[in-house]
Amino acid sequence: MAHVYSNNELVDMILVYGEAHQNSELASRMYAQRFPTRFTPAPRRFVTLIQRARDSGNLQPNRGRDGGRNSPDRIIHAEDQILELVRANPTRSTRSIGRQLGISNKVVWRTLREDLQHPFHYQRNGYKL
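Under UniProt numbering, residues 1 to 129 are what the sequence shown spells out, in order.
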């Protein structure tokens, strides 16, 4: 499991990286010398930390339910269409819905799960009541 750095450690890493003139190998060695009781980050960790700070403005990685990439606009707009199609015909397959809307059937599955609906396979019963 990866080491989870505190905000203080991350700030110290950025400062050492700057002192090392953006040389991640040197920054890793300097960090180990300056903070011998702390976990020593790999050189690549300095580069990813700086890139994350530039891209998102955050030092800590975005973990949990809000983590990951943002959904493209076409998927967000398709959610309403997916739910309308399922309400109109609940026996319809996720593959056919995805094909009609030009999106992945996994997006259809995810949308239904988020809406607390469960896709199912329609089975005809030979018995008549």
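Virtual Cβ for every residue (Gly too), placed ideally from N, Cα, C.
Taking C-beta atoms under 8 Å as the contact rule, residue 24 and residue 39 fail to qualify, at a distance of about 16 Å. The alpha-carbon separation between residue 86 and residue 93 amounts to approximately 9 Å. One thing to note: residue 52 has its Cβ within 8 Å of the Cβ of residue 61.
Taking C-beta separations shorter than 6 Å and ignoring five residues to either side along the sequence, residue 89 has no partners in its chain. Considering only 14, 33, 34 and 37, the residue with the shortest C-alpha distance to residue 44 is 14. In this chain, the alpha helix (DSSP H) harbouring residue 98 covers 94 to 101.
Per the C-alpha coordinates, the member of 80, 17, 30 and 29 positioned closest to residue 48 is 17. Residue 35 sits close to residue 12, with the two beta carbons spaced by under 8 Å.
Beyond the five residues adjoining it in sequence on each side, residue 27 comes within less than 6 Å, by CB distance, of 16, 17, 20 and 46 in the same chain, given in chain order. Restricted to the UniProt domain "DUF4817" (9 to 60), the alpha helix (DSSP H) segments that are unbroken, complete and at least 4 residues in length are 24 to 34 and 43 to 56, listed in chain order.
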